[in-house]
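J.:
Residue numbers (UniProt numbering): 1 to 154.
#1: Secondary structure at residue 41, three-state DSSP: helix, strand or coil?
#2: On the premise that residue 20 lies in contact with residue 14, defined as a C-beta separation below 8 Å, what is that separation, rounded to the nearest angstrom?
#3: In three-state terms, what does DSSP make of residue 48?
#4: Can you list, in chain order, the residues of its chain whose CB lies under 7 Å from that of residue 113, leaving out five sequence neighbours each side?
#5: Straight-line CA distance for residue 43 to residue 127?
#6: Name the two residues that bound the continuous beta strand (DSSP E) containing residue 85.
#7: Which of the three DSSP states, helix, strand or coil, is assigned to residue 127?
#8: By DSSP, does residue 66 sit in helix, in strand, or in coil?
#9: Determine the extent of the alpha helix (DSSP H) in which residue 96 is found, giving its start and end residues.
#10: Check whether the region 66-81 and the region 96-110 are in contact - that is, three or more C-beta pairs closer than 8 Å.
#11: So residue 23 is in the alpha helix (DSSP H); what residue range does that whole segment cover?
#12: Excluding the 5 residues preceding and the 5 following residue 151 in the sequence, name in chain order all residues of the same chain whose CB lies nearer than 8 Å to its CB.
#13: Among the residues of its own chain, which have a CB less than 8 Å from the CB of residue 36, if the five just before and after it don't count?
#14: What residue range is occupied by the uninterrupted beta strand (DSSP E) comprising residue 109?
#15: Would you tell me roughly how many angstroms separate the C-alpha atoms of residue 122 and residue 138, rounded to the nearest one?
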């Protein structure tokens, strides 16, 4: 789907605040309510807008301890990769999982309450997944930037 300047502006605005009304968006875009409504629906139908979500304050829900865990599989076969990916997506503590190149096969972003919670997660859940050869954990000291906004280029 080809995005024009208005589509890009609309996407950036919605990423910053998805609760905006069609009327508010129409005023920003200089379009009618109907035109904005139709554009948003088209972006949804085409899969450009996948979903609407809420960003939660990790501190307030007792999940402020962030860990980046590097995973190396025992063997990088199609079966091992498939089984690991199928199992890791079921772990609620894992917020993000990326298949990567380099020394490790995956990087997980994990949100837990504290170090003890992470230890429990490692012992009872993560290390029970099949085909994990080894792990390497890195703990977040401070958050410099956390954004869900993707700049939509032309």
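Even glycine gets a Cβ: it sits at the ideal position worked out from N, Cα and C. Fair warning: this is a prediction, and the values are worked out from it, not measured in the lab.
T.: To lay it out plainly:
#1: Your numbering for residue 41 matches position 41 in the chain shown. Residue 41 falls in the helix class under three-state DSSP.
#2: Counted from its first residue, the chain shown places residue 14 at position 14. Counted from its first residue, the chain shown places residue 20 at position 20. Indeed they touch by this definition, with Cβ atoms about 7 Å apart.
#3: Position 48 of the chain shown, counted from the first residue, corresponds to residue 48. Correct three-state label for residue 48: coil.
#4: Here residue 113 corresponds to residue number 113 of the chain shown, with the count starting at 1. These residues qualify, in order along the chain: 62, 63, 65.
#5: As a position in the chain shown, residue 43 is number 43, starting the count at 1. As a position in the chain shown, residue 127 is number 127, starting the count at 1. Those two C-alpha atoms are separated by around 40 Å.
#6: As a position in the chain shown, residue 85 is number 85, starting the count at 1. Where residue 85 is concerned, there is no enclosing beta strand (DSSP E), although the alpha helix (DSSP H) it sits in stretches over 78-88.
#7: Stepping through the chain shown from its first residue, residue 127 is reached at position 127. Residue 127 falls in the helix class under three-state DSSP.
#8: Here residue 66 corresponds to residue number 66 of the chain shown, with the count starting at 1. Residue 66 falls in the strand class under three-state DSSP.
#9: As a position in the chain shown, residue 96 is number 96, starting the count at 1. It is not in any alpha helix (DSSP H) - residue 96 instead sits in the beta strand (DSSP E) that spans 94-99.
#10: yes
#11: The sequence position of residue 23 within the chain shown is 23, counting from 1. That run of the alpha helix (DSSP H) goes 22-29.
#12: Taking the chain shown and counting its residues from 1, the one referred to as residue 151 is at position 151. Contacts found: 12.
#13: One-based indexing of the chain shown puts residue 36 at position 36. Closer than 8 Å at Cβ, skipping near neighbours: 10, 22, 25, 26, 29.
#14: As a working mapping, residue 109 is identified with position 109 in the chain shown. That run of the beta strand (DSSP E) goes 106-112.
#15: For the purposes of this step, residue 122 is taken as residue 122 along the chain shown, with counting starting at 1. For the purposes of this step, residue 138 is taken as residue 138 along the chain shown, with counting starting at 1. Between residue 122 and residue 138, the C-alpha separation is close to 13 Å.
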